[in-house]
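With the working numbering, you'll find the sequence shown wraps up at 791, consecutive numbering, no jumps.
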Amino acid sequence: MSTPCGGADLASAAAEAVRFTSDLIRIDTTNTGDDDSRGEREAAEYVVGLLEDVGYEPVYVESRPRRANVFLRIAGADPSRSALVVHGHLDVVPADPHEWTVDPFSGAIEDGMAWGRGAVDMKDMDAMMIACVRDMAVNGWCPARDLVVAFFADEESSGTWGSEWCVRNRPDLFAGATEAIGEVGGFSTTVAGRRAYLVQTAEKGLMWLRLIMRGTAGHGSAANSDNAVTHLADAVARLAAHRWPRDMMPAVDTLLRGVADLVGRPYSDDPATIDALVDALGPARRFVAPSLGTALNPTGLQAGCKANVVPSHAEATMDVRPLPGQEDHALAVVADVLGERGHVEILHRGIGVEAPFDVPLVDAMAAALGRADPDAVVLPYLLPAGTDAKSLAALGIRGYGFVPLRLPADFDFTAMFHGVDERVPVGAIEFGTRVLADFLATAG
Ligand SMILES: [Zn+2]
C-alpha cells in the first residue's frame with residue numbers, strides 16, 4: 348500500500364504494534380476503581396522508554412503516586428493548524444483468570460490473535476500510536492498537524508486520576524488542540540457483505556444516582572402505611588418499567604440511513620424498520636441498540652438493619668445513560684417518580700458529547716480507510732458508554748472514536764470489551780497501524 352507517510356516502513360511499524368500490544372497486556376494495569384490500580388506506572392514507564400528510544404522527550408505526569416499519564420507533543424507540517432489529540436488509556440478492567448481459556452495477562456499471540464485483558468480496550472491502540480510516532484522519528488516523516496499524543500491513567504474508573512485530572516491541572520499540555528481521536532470507533536462490521544467502519548462521533552451521558560426514600564420508622568409488628576422500603580421498591584419498579592421514548596440523534600440517523608443503503612431497504616423511522624436496520628449491523632448492534640434512547644438500570648438496594656424494625660429510609664443506586672442533551676430530562680423523570688418522600692444524590696455525572704460527522708477530520712479517516720480497504724464504507728455511531736473524550740470536551744476539544752481495525756465478519760468484536768477471552772486479530776492491528784499512520788500524515 349502506498350501512503351503519504353514519506354516512504355515510511357509501515358511493515359516494520361505494524362510488526363512493532365503487535366509486539367507492543369502483547370508487551371502492554373503483560374503489564375497488569377487492572378483498575379478496580381478503589382484507587383489501588385496496579386501497573387499504570389510500569390506501563391507508563393514502558394511507553395516512555397519506547398518514545399525516548401527514538402529520541403523523543405515525553406512528559407511523565409503522576410496525578411497521585413503511581414497514577415501515571417504520558418504526553419508527547421509532535422510538531423506538524425503546518426504549524427498554523429490546530430493540534431489533534433491522539434489518546435489512549437493504559438488501565439484495564441479486572442479479569443478473572445478462572446473464566447478465561449488463556450492467562451488474561453499473558454499477551455499470548457496464538458491462532459492469529461493477540462490475547463488478553465486490554466487487547467481491544469485499549470492496549471492495541473496504545474501500541475499502534477506508539478508504533479506510528481516511532482515510525483515518524485525513525486523514517487523522518489511528520490504528521491499533517493501538531494499532535495498531542497496522550498496515554499491516560501484511570502479511564503476505567505471515570506478518568507478521575509487520568510484525563511479529568513490532566514484537563515483540570517495541566518491544560519497547558521493540550522494547548523491549541525481542537526479535535527481528538529480515541530477509543531471505541533473505526534472498527535469494521537460487515538453489513539450485507541460490505542465492511543462498514545463505524546466512527547464514533549457521539550457518546551451518551553452517564554449518571555450514577557443514589558435514590559433515598561424516607562418513611563416512618565417503627566416496630567415490624569405494627570401496620571405501617573409509610574414504609575420507606577415499600578416506597579422505594581415501588582419507585583424502583585416504576586423506574587425500571589419506564590418507557591423512554593426513542594429519539595434518533597443525528598449520528599444514529601446518519602448511521603441507519605447508511606445501513607438502509609447497504610441492505611437495499613427504504614429508510615423509514617417506523618419501529619420495525621429501525622429494529623431491522625439495527626439487526627443488520629451484526630455484532631455492532633450491541634453498541635447501537637442502546638443508542639436509540641435513554642436507558643436506566645437499578646444497580647443496588649440498601650435498607651434496614653433488622654428484620655423486626657421498619658427503617659426510616661431506604662436507598663437504591665441507579666445507572667442512567669441519557670442521550671446527549673437529555674440528562675436534565677432524565678433527572679426530572681426520576682425526581683417525579685420519587686415524589687415528595689424521596690430525593691436524588693448524583694454520585695457521578697459524565698456529560699453526553701456530540702461531534703459533527705461532516706468535517707475534514709472524518710473525511711481524512713474515510714480516505715485513509717479507503718486507501719487500505721477499497722471496500723470500506725464509513726458511518727458514524729453514538730457510543731452508549733463513555734470515554735476520555737468527555738474530559739477533553741471541557742477544553743472545547745471535539746472527540747471521535749477512531750481505532751481503525753479491519754475485522755473478520757464473524758468476529759464478535761463488541762463482546763470483547765470487558766469480556767472473557769478478550770482478543771484482537773493480529774491482522775487488524777497491522778491494518779490499523781497502517782491506516783493510523785496514513786491518517787496522521789493527512790489528518791484533515
Ligand atoms: Zn477503554
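For each residue, glycine too, the CB sits at the ideal point set by N, CA and C.
For residue i, the residue or residues it bridges with in DSSP
| i | result |
| --- | --- |
| residue 415 | 409 |
| residue 544 | 535, 725 |
| residue 673 | None; residue 673 has no bridge partner. |
| residue 763 | For residue 763, which the question treats as bridged, DSSP gives no partner whatsoever. |
| residue 644 | 666 |
| residue 555 | 666, 695 |
| residue 434 | 497 |
| residue 372 | Answer by DSSP bridge pairing: none, since residue 372 is not bridged. |
| residue 420 | 495 |
| residue 560 | 661, 689 |
| residue 792 | The shown model of the chain, from 348 to 791, leaves out residue 792, and the question about it has no answer. |
| residue 377 | 439 |
Simplified DSSP state of residue i, which is helix, strand or coil
| i | result |
| --- | --- |
| residue 574 | coil |
| residue 565 | strand |
| residue 689 | strand |
| residue 630 | helix |
| residue 600 | helix |
| residue 771 | strand |
| residue 439 | strand |
| residue 654 | coil |
| residue 700 | strand |
| residue 776 | helix |
| residue 389 | helix |
| residue 635 | helix |
| residue 789 | helix |
| residue 528 | strand |
| residue 620 | helix |
Buried/exposed call for residue i, threshold 16 Cβ in 10 Å
| i | result |
| --- | --- |
| residue 649 | exposed |
| residue 578 | buried |
| residue 604 | exposed |
| residue 745 | buried |
| residue 690 | exposed |
| residue 756 | exposed |
| residue 513 | buried |
| residue 585 | exposed |
| residue 656 | exposed |
| residue 692 | exposed |
| residue 674 | buried |
| residue 782 | buried |
| residue 420 | buried |
| residue 350 | Summary for residue 350: the model assigns pLDDT 49, below 50, so the residue's position carries little reliability, and this model does not support an answer. |
| residue 695 | exposed |
| residue 401 | exposed |
| residue 537 | buried |
| residue 426 | exposed |
| residue 412 | exposed |
| residue 652 | exposed |
| residue 451 | buried |
Q: Report the residue ranges of all beta strand (DSSP E) runs contained in full by the stretch 707-757; include only those spanning at least 3 residues, in chain order.
A: 724-730, 745-748
(Q) I'd like the ranges of any beta strand (DSSP E) spanning at least 3 consecutive residues and lying wholly in the stretch 456-523. (A) 460-462, 494-499
Q) What residues sit near ligand 1, counting only those whose C-beta is closer than 7 Å to one of its heavy atoms, in chain order? A) 436, 468, 469, 502, 503, 530, 531, 734
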